[in-house]
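Contents: one structure, followed by commentary.
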Amino acid sequence: MLDGPDRAKQIEGLKRLVRDAGRAGIPRIGYNFSIAGVWGWSRGPFARGEAMSIGLDLAAIDPDLPLPDGVVWNMRYRVGRPDASPVTVSSDELWQRLSAFLREVVPVAEESGVVLAAHPDDPPAEALRGTARLVNRPEKYDRLMDIVDSSSNGLELCLGSLQEMPGADEIYGHVRRFARRKRIGYIHFRNVRGKVPNYHETFVDDGDIDMAEIVRILRDENYDGVIIPDHTPEMSCDAPWHAGKAFALGYMRALVQNAAALGPSRTAQAANIRVEA
Ligand SMILES: [Mn+2]
Numbered sequence: 118m119l120d121g122p123d124r125a126k127q128i129e130g131l132k133r134l135v136r137d138a139g140r141a142g143i144p145r146i147g148y149n150f151s152i153a154g155v156w157g158w159s160r161g162p163f164a165r166g167e168a169m170s171i172g173l174d175l176a177a178i179d180p181d182l183p184l185p186d187g188v189v190w191n192m193r194y195r196v197g198r199p200d201a202s203p204v205t206v207s208s209d210e211l212w213q214r215l216s217a218f219l220r221e222v223v224p225v226a227e228e229s230g231v232v233l234a235a236h237p238d239d240p241p242a243e244a245l246r247g248t249a250r251l252v253n254r255p256e257k258y259d260r261l262m263d264i265v266d267s268s269s270n271g272l273e274l275c276l277g278s279l280q281e282m283p284g285a286d287e288i289y290g291h292v293r294r295f296a297r298r299k300r301i302g303y304i305h306f307r308n309v310r311g312k313v314p315n316y317h318e319t320f321v322d323d324g325d326i327d328m329a330e331i332v333r334i335l336r337d338e339n340y341d342g343v344i345i346p347d348h349t350p351e352m353s354c355d356a357p358w359h360a361g362k363a364f365a366l367g368y369m370r371a372l373v374q375n376a377a378a379l380g381p382s383r384t385a386q387a388a389n390i391r392v393e394a
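When you line the sequence shown up against my numbering, it's residues 118 to 394, in that order.
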């Protein structure tokens, strides 16, 4: 991601990781090509019943706060140098780095029977900490898939992150298009209220996304992959995180078990989507 002096060695390490995953029978690897990583959130009683949840309010933080030297994705990879200038990366530069990564590693993933699944930016701001964001609009997922047209170049489709992306269009057409392209590696089943620059995460049944409609779309497009819960609000009990996850899992399981009974998709009319050959 930083295009540093050890890049070639690191790419070789990633190829080995992908081959090892294939040999171990692990069919999907999620990744997030992001320098600032998940950053800028605040925690508060934002969810139903004042359950603790996560929110973003870009006006309340300094989105340009520089990254400390030697830190990427909130992790220190080497000791910081006191007089180093802050890391800045443009969108063009970051897309070039992603393209180089995909062109080198996707063929190895293909050989190994592994799908590389790209998580979008969380939060999907324009830029954070002086570094561009990559997949912060739904169309940029298409751009990523087009770089290497392979079933091993897939998506870690995070519904919450997708819904948080600015813009007036609904999420449903995008989900249908990605499913129709057969490039969804797996799905983060999460809900949210609001969009960048101001949103908060909700219980799975309580946000802006009609989750039943998402399941109808996946049903209609014969999606056969995995759906997993993502971050969830915390319940007020002795196991707040686990209880939040259990609630999401039960809700998801009920939707999937009743997919046939959910009736026709209400956004099917708009599903006349062109998919490039
Ligand atoms: Mn996610």
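Note that CB positions come from ideal geometry on N, CA and C, so glycine has one too.
Report task. Let me know if Tyr258 comes out buried or exposed under the rule of 16 or more other beta-carbons within 10 Å of its beta-carbon. Result -> Counted from its first residue, the sequence shown places residue 258 at position 141. The residue is buried, with at least 16 neighbouring Cβ atoms inside 10 Å.
Query raised in the report: For the alpha helix (DSSP H) that contains Asp337, what are its first and last residues?
Result: Residue 337 sits at position 220 when you count from the first residue of the sequence shown. Segment 328-337, the alpha helix (DSSP H) holding Asp337.
Query raised in the report: Where does Ala234 fall in DSSP's three states?
Result: As a first step, residue 234 must be located in the sequence shown, where it is residue number 117. Strand.
Query raised in the report: Beta carbon of Gly342: closer than 8 Å to some heavy atom of ligand 1?
Result: As a position in the sequence shown, residue 342 is number 225, starting the count at 1. No, the beta carbon of Gly342 sits no closer than 8 Å to any heavy atom of ligand 1.
Query - CA nearest to the CA of Met282, picked from Arg298, Pro241, Lys299 - result: The residue given as residue 282 occupies position 165 in the sequence shown. Per the Cα distances, Pro241.
Query raised in the report: How about the stretch 219-226 and the stretch 252-268: do they share at least three Cβ pairs that are nearer than 8 Å?
Result: yes
**Report entry** N- and C-terminal bounds of the alpha helix (DSSP H) containing Glu129
**Finding:** One-based indexing of the sequence shown puts residue 129 at position 12. First-last of the alpha helix (DSSP H) with Glu129: 124-140.
**Report entry** Touching by the beta-carbon criterion (3+ pairs, under 8 Å), the stretch 342-351 and the stretch 359-376
**Finding:** yes
Query - Candidates Cys275, Glu227, His317: closest to Asp238 by CA position - result: The residue given as residue 238 occupies position 121 in the sequence shown. With distances taken between Cα atoms, Asp238 lies closest to Cys275.
Query - Any heavy atom of ligand 1 within less than 5 Å of residue CB: hits in chain order - result: Cys275, His305, Asp347
Requested in this report: Measure the CB-CB distance between Leu189 and Met118 and report whether it falls below 9 Å.
Outcome: Position 72 of the sequence shown, counted from the start, is the residue given in the question as residue 189. Position 1 of the sequence shown, counted from the start, is the residue given in the question as residue 118. With the sequence shown as reference, residue 189 is identified as Val, and Leu is not the correct amino acid for it. Closer than 9 Å, so yes.
Query raised in the report: Which whole runs of the beta strand (DSSP E) in the stretch 215-284 are 3 residues long or more, in chain order?
Result: 232-235, 270-275
Requested in this report: Could you have a look at Pro162 and say whether DSSP puts it in helix, strand or coil?
Outcome: Locating residue 162 in the sequence shown gives position 45, where the first residue counts as 1. Reduced to three states, the DSSP call for Pro162 is strand.
Query - Sequence-distant residues of its chain with Cβ nearer than 8 Å to Arg105 (five each side left out) - result: With the chain represented from 118 up to 394, any question about residue 105 goes unanswered, as that position is not in the structure.
Query raised in the report: In whole angstroms, what is the alpha-carbon distance linking Ala244 and Val332?
Result: As a working mapping, residue 244 is identified with position 127 in the sequence shown. As a working mapping, residue 332 is identified with position 215 in the sequence shown. Distance between the alpha carbons of Ala244 and Val332: 32 Å.
Query raised in the report: For Met328, is the classification buried or exposed, using 16 other Cβ atoms within 10 angstroms of its Cβ as the cut-off for buried?
Result: Working through the sequence shown from its first residue, we reach residue 328 at position 211. That one is buried.
**Report entry** DSSP-derived helix/strand/coil call for Glu210
**Finding:** Taking the first residue of the sequence shown as position 1, residue 210 is located at position 93. Correct three-state label for Glu210: helix.
Report task. Check the C-beta distance from Leu211 over to Ala249 and give it rounded, since I have them as a contact under 8 Å. Result -> Locating residue 211 in the sequence shown gives position 94, where the first residue counts as 1. Locating residue 249 in the sequence shown gives position 132, where the first residue counts as 1. Confirmed, about 5 Å.
Requested in this report: Specify the secondary structure class of Lys312 as computed by DSSP and reduced to three states.
Outcome: Within the sequence shown, numbered from 1, the residue matching residue 312 stands at position 195. Three-state DSSP puts Lys312 in a strand.
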